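Working notes for the structure below.
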Amino acid sequence: MAKPKIISISNVKGGVGKTTTASILASGLNARGNKVLMIDSDPQTNLTMCFIPEPPDDTPSLYHVYTGDKTLDEVKNSIKLNLDLVIGDFELCNADIQFIKTGRLKLLHKALKKLESEYDYIIIDTPPNLGILSLNAFLVSDYVIVPMAADSFSLKGVRLLKQTLDEVEEETESPIKVLGLLLTKYTDRTNVAKLLEDSVNAAAKMLHTKVFESRIRQAIILQESQIAKMDLLEYAPKAQVTSDYIKFIDEVLERIERGV
Ligand SMILES: Nc1ncnc2c1ncn2[C@@H]1O[C@H](COP(=O)(O)OP(=O)(O)O)[C@@H](O)[C@H]1O
Ligand SMILES: [Mg+2]
């Protein structure tokens with residue numbers, strides 16, 4: 058069985074477009090003929106809400122995978138052909154305390170070893186912190202993508218992420234690459250964006266990566282598609298923000314192919 062490429066979407070800041078990017082990347086890779094699994098690893102469950110607005114209370118989730126009661130195969134939900142989702146769970150909001158025992162960093166790693174379904178890509182949405190859920194995600198990931206919004210940039214956050222990735226890398230034999238920084242909510246009308254250019258490049262350097270050339274512009278239609286619970290690519294195929302994301306996905310595939 059070919060090993061899936063595993064990509065975590067991470068930033069210690071909230072509201073920077075992690076979940077939006079995770080859902081569009083997963084849908085876009087699926088639309089290009091790939092079998093994709095999404096894992097909602099944020100207890101706020103925003104990724105889940107993009108696809109399953111109100112899962113019944115007893116729906117098995119990532120929480121049951123962490124407790125060892127269920128396998129990933131048992132909890133995955135089919136969203137459409139070749140696109141599956143493991144739903145998030147508010148119960149995971151105290152994961153840092155609940156799973157405070159040895160081996161706690163490898164719970165997701167163990168679960169993925171048991172995965173029988175074949176996937177080309179696994180996309181993990183992570184919470185805005187560097188707790189156990191993010192560490193578990195990093196430990197299984199080949200790549201990390203870091204979305205950054207012009208209005209809430211934090212170089213300190215990037216430094217902490219780098220430190221954490223370095224520590225995680227010591228725990229695992231396989232390196233984790235930062236595939237790129239993605240500028241989101243971008244508007245070139247603001248001077249803020251221009252002033253940030255240097256800081257963003259410094260952040261990319263710190264993470265040994267590059268900023269994606271495609272910048273995701275600020276666009277209300279994105280929120281509209283989320284409220285309509287629809288895939289942006291289908292909801293607004295001709296919108297400029299859709300072409301931003303399509304170009305971003307092209308770059309993701311290129312960088313993976315080039316081994317960047
Ligand atoms: N490019 C964008 N333009 C306008 N709104 C956006 C854009 N990207 C994300 N948003 C909105 O910003 C909010 C936070 O985005 P989200 O992806 O949930 O961030 P995070 O997962 O990092 O907290 C959501 O309401 C989302 O619809
Ligand atoms: Mg989110």
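In short: position in the sequence shown from 1, add 57, done, that's the working numbering.
The C-beta atom is built at its ideal place from N, Cα and C for all residues, glycine as well.
The model shown is predicted, which means the values in this text are computed figures rather than measured ones.
Three-way DSSP call (helix, strand, coil) for residue i in this model
i: A285; result: coil
i: R89; result: coil
i: V309; result: helix
i: V201; result: strand
i: N258; result: helix
i: S271; result: coil
i: D97; result: strand
i: S231; result: coil
i: P83; result: The sequence given here places Ala at residue 83; Pro does not occur at that position. If DSSP states are grouped into helix, strand and coil, A83 belongs with the helices.
i: D301; result: helix
i: E314; result: helix
i: K265; result: Correcting the residue type first, residue 265 is His in the shown sequence and not Lys. Reduced to three states, the DSSP call for H265 is coil.
i: T128; result: coil
i: E111; result: coil
i: A168; result: helix
i: I157; result: coil
i: K70; result: coil
i: T78; result: helix
Beta-carbon separation (whole angstroms), residue i vs residue j, contact threshold 8 Å
i: T244; j: Q280; result: About 15 Å separates the two Cβ atoms, so there is no contact after all.
i: L190; j: L149; result: 6 Å
i: F305; j: I278; result: So it is not a contact: roughly 16 Å between Cβ atoms.
i: L142; j: I136; result: 5 Å
i: P61; j: I154; result: Between I154 and P61 the Cβ distance is about 30 Å, and since that is not below 8 Å, they are no contact.
i: V317; j: L264; result: The Cβ separation is near 12 Å, so there is no contact.
i: I268; j: S65; result: Correcting the residue identity first, residue 268 is Val in this sequence and not Ile. About 18 Å separates the two Cβ atoms, so there is no contact after all.
i: L104; j: G145; result: 6 Å
i: E308; j: E270; result: 6 Å
i: D223; j: I63; result: Actually they are not in contact, since the Cβ atoms of D223 and I63 sit about 19 Å apart, beyond 8 Å.
Enclosing beta strand (DSSP E) for residue i [first to last residue]
i: L149; result: Looking at the DSSP string, L149 is not in any beta strand (DSSP E), and its letter there is neither H nor E.
i: K62; result: 62–66
i: Y178; result: 178–182
i: T241; result: 234–241
i: S191; result: Per DSSP, S191 belongs to no beta strand (DSSP E); it is in the alpha helix (DSSP H), 189–197.
Inter-residue spacing [alpha-carbon to alpha-carbon] between residue i and residue j
i: R312; j: V215; result: 21 Å
i: G125; j: R161; result: 11 Å
i: N68; j: M205; result: 7 Å
i: E291; j: S211; result: 33 Å
i: C107; j: S98; result: 14 Å
i: L252; j: D114; result: 46 Å
i: K167; j: V132; result: 15 Å
i: L119; j: A79; result: 16 Å
i: A293; j: Y302; result: 12 Å
i: P185; j: T299; result: 25 Å
i: L187; j: V203; result: 13 Å
i: D213; j: Q283; result: The sequence as given places Lys at residue 213; Asp does not occur at that position. Each residue's alpha carbon lies about 30 Å from the other.
i: E209; j: T183; result: It is Ser, not Glu, that sits at residue 209 in the sequence shown. Approximately 17 Å, taken between the alpha carbons.
i: M287; j: G71; result: 22 Å
i: K295; j: L289; result: 10 Å
i: E226; j: K242; result: 31 Å
i: K163; j: N258; result: 32 Å
i: K158; j: V197; result: 19 Å
i: P112; j: L138; result: 19 Å
i: L238; j: E254; result: 12 Å
i: N134; j: L140; result: 9 Å
Bridge partners - residue i, DSSP secondary structure assignment
i: N134; result: L142
i: A296; result: Note: A296 sits in no beta bridge, so no partner.
i: A206; result: T241
First and last residue of the uninterrupted alpha helix (DSSP H) at residue i
i: E227; result: 212–228
i: L119; result: 119–123
i: N103; result: 103–108
i: L172; result: Careful: L172 lies outside any alpha helix (DSSP H) and carries neither H nor E.
Interface flag, residue i vs chain B, CB-CB below 8 Å
i: A276; result: The question asks about chain B, but that chain is absent: this structure has only one protein chain.
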